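Taking it in order: structure first as structure tokens, then the write-up.
4 protein chains.
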Amino acid sequence: MSSSLEKHPSFQPQDPNYRVRVENSFARQRAMTTLKIALARIEPGEIELTFPYQEELTQQHGFIHAGILATALDSACGYAAFSLMPPQAAVLTIEFKTNLLAPAQGDFFRVVGRVVKPGRTITVCQAEAFACRQSQSKLVASMTGTLMALFDREDIQH
Amino acid sequence: MSSSLEKHPSFQPQDPNYRVRVENSFARQRAMTTLKIALARIEPGEIELTFPYQEELTQQHGFIHAGILATALDSACGYAAFSLMPPQAAVLTIEFKTNLLAPAQGDFFRVVGRVVKPGRTITVCQAEAFACRQSQSKLVASMTGTLMALFDREDIQH
Amino acid sequence: MSSSLEKHPSFQPQDPNYRVRVENSFARQRAMTTLKIALARIEPGEIELTFPYQEELTQQHGFIHAGILATALDSACGYAAFSLMPPQAAVLTIEFKTNLLAPAQGDFFRVVGRVVKPGRTITVCQAEAFACRQSQSKLVASMTGTLMALFDREDIQH
Amino acid sequence: MSSSLEKHPSFQPQDPNYRVRVENSFARQRAMTTLKIALARIEPGEIELTFPYQEELTQQHGFIHAGILATALDSACGYAAFSLMPPQAAVLTIEFKTNLLAPAQGDFFRVVGRVVKPGRTITVCQAEAFACRQSQSKLVASMTGTLMALFDREDIQH
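Residue numbers (the numbering used here), protein chains in the order written: chain A, 156 to 313; chain B, 156 to 313; chain C, 156 to 313; chain D, 156 to 313.
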């Protein structure tokens, strides 16, 4: 049985400098440093982040808090979208939806965000978070996010 | 013109000790301490949290990161649901959906979560986050969350 | 105990002719006629629709299909947003999220959509569906929807 | 570049008779007949539906109404989940979230739903809707849905 879910295409960045632009913007997200979430991979329309398990970020059962997962998933979606935007665009999240699929237990976490549908104004992304321990990787959360490209907003710089 | 959105009812807690139960569980959420998110009010089916603006939790434009808002919104939903559950229940988030309505700028943030529909297994909540500055308060994000009551799970204690 | 969920403001329409504009666009939604969904009330930023129970629109347990509820909820959100837009705008749904709160059983259904946050490009709405029988009304589904105002698109006319 | 989104596993049905069970339940969804939505394929954890373009189901611009897409997407998710449930379970939708990615124009529509995470009580699915014209197929909408298995509910029969 082959999957009938259509293979998503690969994307051409509008900005050849997309990688540096993503790195610079990500570096300005103070929350990423605070939560020890790091950029692991940048492709056109696809971003991978990683972060270690941290007791300081757990909920009452000792799992990583769903909102912390959402923080990484949202950044993965946002920078996947941002990687395909023109140089002068800023990116803002309009909304996201997260499903928690399994307890977020592991040594470290891998979060992959990918553009599903790019657009001039609106870009839709999906992301998945995996809890990793040694060679094992388990899907623990997913997100669908809607991002907007902003132009000419003085208060919001890319 | 009066609103036709029906007034939601007030709720009777199943556990007269709901307040202490919420406080104790909240105190075990290490992420709340780390992010300086505090319990401000506990009512049956309604929870209010507050936290100060913190540069360490911002995204690239200096606003509080959407995922940090989601963290507070999710805890507000979770404990609103938990306050109506029987003593032996643990609560887990199944999914949530957040809309970012305005830049999260302010001196401090107020997050109110409320049960929309309680249930034996599934409880649905809504929450709103407000950015506050002096006497002003602005709605910056909303969440709808679906929570599940868990019983007899050895790996998950309430 | 008074609710701490902030009261949402009333809205001023940009187009004094908003009512006729909503009626005309709604009349072009062929799906509304087919599903017997009718416009019951138009206010600035708030729309009420009604439709009768119809066996032809049920799922396997005899309740109204969740997608039919979503159809009415989406139209209620869309026209609530549309009522506040300028005359030359068309409205498109970007995304919506629906919670099914109780079985959709009743003699007829009332669906109320309301703008939560209007915007030049993006408007966020919430809607609720009530199952009605004689004098009783029960909340059966809720929606949060994100709508976009479109301008100057030849293929999409308002 | 190979995708880093993990390949989802294939599923083993608990009920060897899953196919007939899906067909029988689907046949009782009166809304499917009314909207001319047909079962095209049943696999363990994966369902494909098709329906023709129908003017009677359009919104104001002549595209298929977002709620009609949601109806098909929800049924695809629901039966994908149902195909993996034990014989005595009934399935109900808890919530779904739909993104509208492109105008739903085409000769016919293909909707594929797939289980992402099966569970004893909660199953999470994703679905995609494609607008088809001759040999072309375009992704027009996606859904993430959360389904619940119900047991021993007299009012709800599978």
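All C-beta atoms, glycine included, are put in the ideal place defined by N, C-alpha and C.
Being a predicted model, the structure only gives us computed values, none of them experimental.
What's the C-alpha gap between residue i and residue j?
i: methionine 187 (chain A); j: phenylalanine 166 (chain B); result: 39 angstroms
i: glycine 233 (chain B); j: leucine 190 (chain B); result: 17 angstroms
i: glycine 261 (chain C); j: arginine 185 (chain D); result: 17 angstroms
i: asparagine 254 (chain D); j: glutamine 215 (chain B); result: 26 angstroms
i: histidine 220 (chain D); j: arginine 174 (chain B); result: 46 angstroms
i: threonine 299 (chain C); j: cysteine 280 (chain C); result: 6 angstroms
i: serine 238 (chain C); j: glutamate 201 (chain C); result: 8 angstroms
i: leucine 305 (chain C); j: alanine 284 (chain C); result: 27 angstroms
i: asparagine 172 (chain A); j: methionine 303 (chain A); result: 20 angstroms
i: arginine 109 (chain B); j: phenylalanine 181 (chain C); result: Given a span of 156 to 313 for chain B in the structure shown, any question on residue 109 (chain B) remains unanswerable.
i: arginine 176 (chain A); j: isoleucine 197 (chain A); result: 11 angstroms
i: phenylalanine 218 (chain A); j: leucine 224 (chain C); result: 36 angstroms
i: glutamate 210 (chain B); j: glutamine 209 (chain C); result: 55 angstroms
i: proline 199 (chain B); j: lysine 293 (chain A); result: 36 angstroms
i: isoleucine 192 (chain B); j: glutamine 243 (chain A); result: 35 angstroms
i: serine 297 (chain D); j: serine 297 (chain C); result: 19 angstroms
Residue i lies in the alpha helix (DSSP H); which residues open and close that run?
i: arginine 308 (chain A); result: Here arginine 308 (chain A) belongs to no alpha helix (DSSP H), and DSSP marks it neither H nor E.
i: phenylalanine 166 (chain A); result: It is not in any alpha helix (DSSP H) - phenylalanine 166 (chain A) carries neither H nor E in the DSSP assignment.
i: alanine 225 (chain A); result: 221-237
i: leucine 255 (chain D); result: From DSSP, leucine 255 (chain D) is part of no alpha helix (DSSP H) but of the beta strand (DSSP E) over 245-255.
i: phenylalanine 181 (chain C); result: 173-183
Mind checking if residue i is an interface residue toward chain C, Cβ cutoff 8 angstroms exclusive?
i: valine 271 (chain B); result: yes
i: threonine 278 (chain A); result: no
i: valine 256 (chain B); result: Rather than valine, the amino acid found at residue 256 (chain B) in this sequence is leucine. Answer yes: the Cβ-Cβ gap between leucine 256 (chain B) and chain C drops below 8 angstroms somewhere.
i: isoleucine 192 (chain A); result: no
i: threonine 248 (chain B); result: no
i: leucine 224 (chain B); result: no
Would residue i and residue j be called neighbours here (beta carbons separated by less than 8 angstroms)?
i: valine 295 (chain C); j: alanine 257 (chain C); result: yes
i: alanine 259 (chain B); j: alanine 286 (chain B); result: yes
i: proline 241 (chain D); j: glutamine 291 (chain D); result: no
i: leucine 228 (chain D); j: valine 271 (chain D); result: no
i: phenylalanine 251 (chain B); j: proline 207 (chain B); result: no
i: isoleucine 277 (chain A); j: threonine 301 (chain A); result: yes
i: alanine 245 (chain B); j: arginine 308 (chain B); result: yes
i: alanine 231 (chain C); j: glycine 274 (chain C); result: no
For the beta strand (DSSP E) containing residue i, list its first residue and its last residue.
i: arginine 265 (chain A); result: 263-272
i: threonine 205 (chain C); result: 201-207
i: glutamate 198 (chain D); result: 193-198
i: glutamate 211 (chain D); result: Premise fails: glutamate 211 (chain D) is in no beta strand (DSSP E) and is neither H nor E.
i: phenylalanine 285 (chain C); result: 277-288
Between residue i and chain A, is the shortest Cβ-Cβ distance under 8 angstroms, so that the two count as touching?
i: methionine 240 (chain C); result: no
i: glutamate 283 (chain C); result: no
i: lysine 252 (chain C); result: yes
i: glutamate 203 (chain B); result: no
i: methionine 228 (chain D); result: Note that residue 228 (chain D) is leucine in the sequence shown here, rather than methionine. For leucine 228 (chain D), the answer is no, since every Cβ of chain A falls outside 8 angstroms of its Cβ.
Throw me the rounded Cβ distance for the residue i and residue j pair, which I believe falls under 8 angstroms.
i: leucine 204 (chain D); j: glutamate 178 (chain D); result: Going by Cβ atoms, the distance from leucine 204 (chain D) to glutamate 178 (chain D) rounds to 12 angstroms, so no, they are not a contact pair.
i: glycine 222 (chain A); j: threonine 213 (chain B); result: Contact flag wrong, Cβ pair sits at about 15 angstroms.
Determine, using beta carbons only, whether residue i comes closer than 8 angstroms to chain D.
i: methionine 303 (chain B); result: yes
i: glutamine 243 (chain C); result: no
Counting contacts by CB-CB distance shorter than 8 angstroms, is residue i in contact with chain B?
i: arginine 265 (chain A); result: no
i: serine 297 (chain C); result: yes
i: glutamate 211 (chain A); result: yes
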